[in-house]
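Number of protein chains: 2
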Amino acid sequence: MPSTSIAEELAKKQREISVSEFFERNKQILGYDSPTKALLTVVKEGVDNSLDAAADADTLPDIFVEVRKVDKDEFLVIVEDNGPGIVRKEVPNVFGRLLYGSRFHSRRQSRGQQGLGISGAVMYGQVTTGKATKITSKVEEEDVAYQVELIVDTKKNMPSKVREDRVVYERTHGTRIEIPLRGRYVGGKQSIPEYLKATAIVNPHARITYRSPEGESTVFERATEDLPPKTKEIPPHPHGIELGTLMQMMKETKSYKLGAFLEEEFVRVSSRVAKEICEAAALDPEVKPKSLGLEQANALHEAMQSVKLMAPPTDCLSPIGERLIKKGLKNVLGSLRPEFYAPPLTRDPAVYAGNPFQVEVGIVYGGDLPPDQPVEALRFANRVPLIYQAGGCALTQAVANVDWRRYGLEQRGGQGLPFGPAIVLVHICSTKIPYTSEAKEAVATVDEIMTELDLALKECGRRLKTHLTKKAHRAKTREKFDIVQLILPRIAEKSAKIVNKKVPTLDATITKIMGVVWIDEAIAYDKKQKRHTVTINVHNFTSAGKKLNLHLLLPRGMEAKSFDPKPAEVRDDGKITWELKRVDSVAKSSITFVLDGLDEAEYDESDVYVSGINPGLVIGAEPLPGDWELNYADFEAEEAPTPEAEEEGEIDYDEAEEALEDD
Amino acid sequence: MPSTSIAEELAKKQREISVSEFFERNKQILGYDSPTKALLTVVKEGVDNSLDAAADADTLPDIFVEVRKVDKDEFLVIVEDNGPGIVRKEVPNVFGRLLYGSRFHSRRQSRGQQGLGISGAVMYGQVTTGKATKITSKVEEEDVAYQVELIVDTKKNMPSKVREDRVVYERTHGTRIEIPLRGRYVGGKQSIPEYLKATAIVNPHARITYRSPEGESTVFERATEDLPPKTKEIPPHPHGIELGTLMQMMKETKSYKLGAFLEEEFVRVSSRVAKEICEAAALDPEVKPKSLGLEQANALHEAMQSVKLMAPPTDCLSPIGERLIKKGLKNVLGSLRPEFYAPPLTRDPAVYAGNPFQVEVGIVYGGDLPPDQPVEALRFANRVPLIYQAGGCALTQAVANVDWRRYGLEQRGGQGLPFGPAIVLVHICSTKIPYTSEAKEAVATVDEIMTELDLALKECGRRLKTHLTKKAHRAKTREKFDIVQLILPRIAEKSAKIVNKKVPTLDATITKIMGVVWIDEAIAYDKKQKRHTVTINVHNFTSAGKKLNLHLLLPRGMEAKSFDPKPAEVRDDGKITWELKRVDSVAKSSITFVLDGLDEAEYDESDVYVSGINPGLVIGAEPLPGDWELNYADFEAEEAPTPEAEEEGEIDYDEAEEALEDD
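Line by line, the protein sequences are chains A and B. In this text, residue positions in the first sequence follow my numbering: the first is 1423, and each later residue adds one. In this text, residue positions in the second sequence follow my numbering: the first is 1423, and each later residue adds one.
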């Protein structure tokens, strides 16, 4: 009976695999595929930890990073922070055990989530050099720091201390790690300084000092002294929670009643909502959660998905914000001068599998960006730059899925990364980022996330397109103006001579021929006051009076004031609406407002829309998008376009002559 | 002292994370990002396990797969195999514990390696449906099967049995799993039938029966009754082994002497090589491995890397093979008729981090393949089709890194997936595939692997280019022939008339004008005998006698025979060389051989090269590539090209007339 012995034989080989052994043999999963990547990964894990530590302590991060060359391919990575420090008895566990940490069970935005990163780095170090990692940590109430050299005992997944000590430490509190490893130091986009620069951009409150293997120091100075709002822990949101997770929660809850369980253990569930859920599931709110069977749990689960709920609160998340995205992009670009920054977009929070998340997108276009290469996608997750695995990342894929040809970029077949002089910044923040692997290099293509990314990218694409169309229209109309102003006076002069009359005034005639409402703006900046004064002019170059509504989209976080005239509506999301008084033919109407406290480069073009007028008449603003809900009262119905208003682009010389004869 | 309390506060939150909890919260890492992907992943894990089980038992796999619709988004996935079965006491562990298995510690090619796949599927099922997985397994020596319903207790990472029983089972041995899960069933390239088809193609010895949710059955019948050679377990190869791993091995070894340790615990280390290593490291071979310190270990490690070693043995690997790759590609294409199959390439095994691996590449081109879309890359790892994460996979990236413009494909900027009517198949097999994550969807970009892939792809690209050049040359020369044969006779006729002479014979003249050596082939197929008779003709259309060597590259695994004339060399790797006798001007020389046992479509074009002649003269064969080492004796030196031989492409009418006058 040969099969028997095979099954028996196999049974003998079956055994448990320690998690450290697993990752020791699958280092690439933790980001250690190659010596080059390994060096960056160790730095990244150290910096992630340090930024999280500072956030825990509500401190402005002050982080020191050094990469020291030990031998031809051996390096020592040093990362030191001003966090709260780690109490002595936890140091070995935090650095010497995989799957050990404080953030795994909390629903709050943080960089580390897995309890794998820094201990994985220690393990990689010991496997490639045979040497231990040295950790020095000081908490404020102790006089000296605790120092330990340790490795991970991979068979047991437990720390193995080589040496420990008490040492004097200059900072009042903080942690310093020194990890030896084999690696390779490279320059370019995936280099350590580039990674640190990108980190500084999306963490403008952090100061990062870097010393390279050549001994050169670079300081990425903090751009703001304001801490990002501290994120709060929240319970799961009912939407997308999995049945199994729900059943587990019901098994473990301390609540005796289903209603209370729902209200207490989920966010956005009031007692009214809890009742509604129970009703929809045909369950008694007084029933004991533990007592529910599979079928009842199923009904409850379904009811939780179908009930209408508020989006999760935003205070568990820490988006970069529309203002800082633009600032960040400017920083990335350095000396490059793009033509246009599409107003960045921070979407409202959404939920996947009970986890709140938020996406943000910014686009830069034109100027001296390289025109003939694929658009660069800058990816960030929870304020951490993603460097590797671009092709396998939801953020890149979302960019590739958009048909950018509709927004003025070149893209073969309408998919894949578009070509052109543009950079797209994409950030996702969440209480739990669904990374494709423990290396945290790429985000998985979760349906809900893909949807939000798509919406954000398309909206930003539309803003880009608005700019490009406006530019093209302006250029075309300007050309028309030039021609009309060149030719008409000549015709007039000649005609006047023939009929022996005075040369007529041509303003009204030109106006009638142009048949456009021309919108332009002037932005003045007062350096001393840090004040932008924005003036938007509406010139009516048509033959009739025109009434229209003007809409402006400000990046979130910017507050306009000193409006003249007063807008009909000013919304929190930066949308402002004016109902303009009728502008007579050949007359001009203006609105002004000021923005305080911004750097000059932070505001260089307004995003202007119009409604209540035939948009074909308007040069310099786009029609109000359909998804821009108007909340204020009674818009004037659109005027029926006059015949001449329908024309655009070509000059009608017959009409010009007719107009002259009328005079 | 606020920081103190923070550190203390944090310390309280620190805790161990169970591996099941980790993956329960990070399901996407196991391939469960979306309902669509989840369904495929569960099927994939089941089929992987079944194929491995059959391989363990040395049985031709006979696998049944069913996807049954239970509810609107709930499915039951059933996978049943004829493997050896699993002994009762191991069933709960194998299916109810993560990181538990038999293959993790063995250096041998298999699909499963991690002990995560199938238990991950069980966990995903329970989390999304609240239901247990049912396993039925029978080993040959027992009369009845063991049946158990279980879930994973994620807090403890241990199986939790819901019910167990003994049941009657029709097969003598085998395993059947029934996993309930929430999912979504879709068609298209990433569908379950497509996945099974791809699996069948690279596992031609397997029969796979599939029943869809609609109740339709499809059988992917086995294409061969031959089992792939059984793979053997081997110890690590010294090249690329990590210092830490080496130190661990020395700590654990039972050898008392360093020499013996090296010889016994590494492959390709003979006692001579062991001595050489010890010498290079300045270590005594008699020293106890356990006694070595870090510095000595370092020296030993360095010596191991620098010593010259044989590549690892191939019997631990199971490549698809050049013959089956072509067959597989034909299968994938179905009714599509491409113009050309570049001869597939199986590289010799190489090593990364002590793990042997081997890459294989095949390219199909032209015909009715869609011309205007990115080239499709079919990816396989250890005979498993890779469906998702194409962008994040070394196999795709290697394709994108090649400058395909050099090989006749369109590619913007010389990088990224090229465009054109082509499909590239890439397979990597290894005792340990370095997947980017536990979902085993993509291969990490390990340097050594990237190098091998690059070499293989470029070689295949060259073969494609050879074909395209040959085609273009042939067309151009054919055109010239046509023109010459049309015009010369007219000139001759006219001239003859004028000078009142007989119209001359033009063969020699035409020859002189053409100045080429024309190589073509005829392949006859005898269906009954399954025999290809290949004839390669060498026409000398130059004015002098020519001597040349003809080289043929046969796909590995094909054996030619009945050669006429006898080749100078026939090599194992399919390279055959003939030294042709001098072919007189206007004469022809031929070689023939037969191939037995192939299907007609398996051989339709020979890959022919020439040497010992100015390759500019030759139409229908490419110059012998420089990397094709010639092992046989004394090639004739290349003849100095005659002046007329230098010309190509344009017809020289002066010379034609001169030639006529000579007559």
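Ideal Cβ positions, reconstructed from N, Cα and C, are used throughout, including at glycine.
Q: May I ask you to report which of helix, strand or coil DSSP gives residue 1815 of chain B?
A: coil
Q.
Starting from residue 2036 of chain B, trace the alpha helix (DSSP H) in both directions and tell me its first and last residue.
A. It is not in any alpha helix (DSSP H) - residue 2036 of chain B carries neither H nor E in the DSSP assignment.
Q. Residue 1866 of chain A touches chain B at which residues, Cβ-Cβ below 7 Å?
A. 1450, 1455
Q.
Against chain A, with Cβ distances strictly below 8 Å, would residue 2076 of chain B count as a contact?
A. Low per-residue confidence applies at residue 2076 of chain B: pLDDT is 49, beneath 50, and the placement is therefore not dependable, though the value from the model is reported in the following sentence. Judged by the 8 Å Cβ criterion, residue 2076 of chain B is not in contact with chain A.
Q. Taking the C-alpha atoms as reference points, what is the distance between residue 2001 of chain B and residue 1989 of chain B?
A. 7 Å
Q | Chain-order list of residues whose beta-carbon lies under 7 Å from that of residue 1579 of chain A (same chain, five-residue window excluded) | A | 1440, 1441, 1442, 1519, 1520
**Q.** Straight-line Cα distance separating residue 1523 of chain A from residue 1657 of chain A
**A.** 19 Å
Q: Using a Cβ cut-off of 7 Å, pull out every chain B residue sitting near residue 1433 of chain A, in sequence order please.
A: 1509, 1512
Q) So is residue 1856 of chain A in contact with chain B if we call contact Cβ pairs under 8 Å? A) yes
Q: Inspect the beta-carbon positions of residue 1799 of chain A and residue 1846 of chain A and report whether they are closer than 8 Å.
A: yes
Q) So which residues on chain A does residue 1515 of chain B lean against when the C-beta distance must stay under 7 Å? A) 1436
Q) Does the Cβ-Cβ distance between residue 2005 of chain A and residue 1941 of chain A come in under 8 Å? A) no
Q) What does DSSP give as the partner residues of residue 1580 of chain A in its beta bridges? A) A:1575
(Q) Check for me: the beta strand (DSSP E) holding residue 1784 of chain B runs from which residue to which? (A) 1777-1787
Q: Give, in chain order, every unbroken run of the beta strand (DSSP E) that is at least 3 residues long and sits entirely within the segment 1553-1633 of chain B.
A: 1555-1560, 1567-1575, 1580-1589, 1596-1604, 1629-1633
Q: Would you mind stating whether residue 1819 of chain B and residue 1813 of chain A have Cβ atoms separated by less than 8 Å?
A: yes
Q. Just checking, does the segment 1488-1508 of chain B make contact with the segment 1485-1499 of chain A on the three C-beta pairs under 8 Å criterion?
A. no
Q: For residue 1879 of chain B, I'd like the list of residues in its chain whose CB is within less than 8 Å of its CB, leaving aside the five on either flank, ordered along the chain.
A: 1783, 1820, 1821, 1824, 1846, 1848
(Q) Determine, for residue 1660 of chain A, whether the minimum Cβ-Cβ distance to residues of chain B falls below 8 Å. (A) no
Q: From the DSSP output, read off the bridge partner residues of residue 1496 of chain A.
A: A:1493, A:1604
Q. If contact means a Cβ-Cβ distance below 9 Å, which residues of the segment 1711-1745 of chain A contact chain B?
A. 1716, 1719, 1720, 1723
Q: Say whether chain A places a C-beta atom closer than 8 Å to the C-beta of residue 1859 of chain B.
A: yes
Q.
With a threshold of 6 Å on Cβ separation, who are the neighbours of residue 1888 of chain A within its own chain once the five nearest residues in sequence on each side are excluded?
A. 2044
Q) Could you check where the alpha helix (DSSP H) with residue 1863 of chain A kicks off and where it finishes? A) From DSSP, residue 1863 of chain A is part of no alpha helix (DSSP H); its letter is neither H nor E.
Q. What is the DSSP secondary structure of residue 2013 of chain B, reduced to helix, strand or coil?
A. strand
**Q.** Range of the contiguous alpha helix (DSSP H) that encloses residue 1839 of chain A
**A.** It is not in any alpha helix (DSSP H) - residue 1839 of chain A carries neither H nor E in the DSSP assignment.
**Q.** chain A contacts from the segment 1532-1553 of chain B (Cβ-Cβ distance under 9 Å)
**A.** 1535, 1536, 1537, 1538, 1545, 1546, 1547, 1548, 1549, 1550, 1551, 1552, 1553
Q: Could you tell me whether the segment 1587-1594 of chain A touches the segment 1558-1568 of chain A, where touching means 3 or more Cβ pairs closer than 8 Å?
A: yes
Q) Closest Cβ-Cβ distance between residue 1873 of chain B and chain A: below 8 Å? A) no
Q: Please confirm if residue 1963 of chain A has its CB atom under 8 Å from at least one CB of chain B.
A: no
Q: Please check if any C-beta of chain B sits within less than 8 Å of the C-beta of residue 1664 of chain A.
A: yes
Q. With a CB to CB cut of under 6 Å and the five nearest residues on each side skipped, what residues in its chain are close to residue 2061 of chain A?
A. Here the model assigns residue 2061 of chain A a pLDDT of 42, short of 50, so the residue's position is not dependable, and the following value carries that caveat. Once the five neighbours on either side are set aside, residue 2061 of chain A has no close Cβ partner at all.
**Q.** Test: residue 1521 of chain A CB closer than 8 Å to a CB of chain B
**A.** yes
(Q) Please report the distance separating the alpha-carbon of residue 1826 of chain B from that of residue 1996 of chain B. (A) 26 Å
Q. Going by beta carbon distance, what residues of the same chain come within less than 6 Å of residue 1525 of chain A, once the five residues before and after it are set aside?
A. 1532, 1534, 1535
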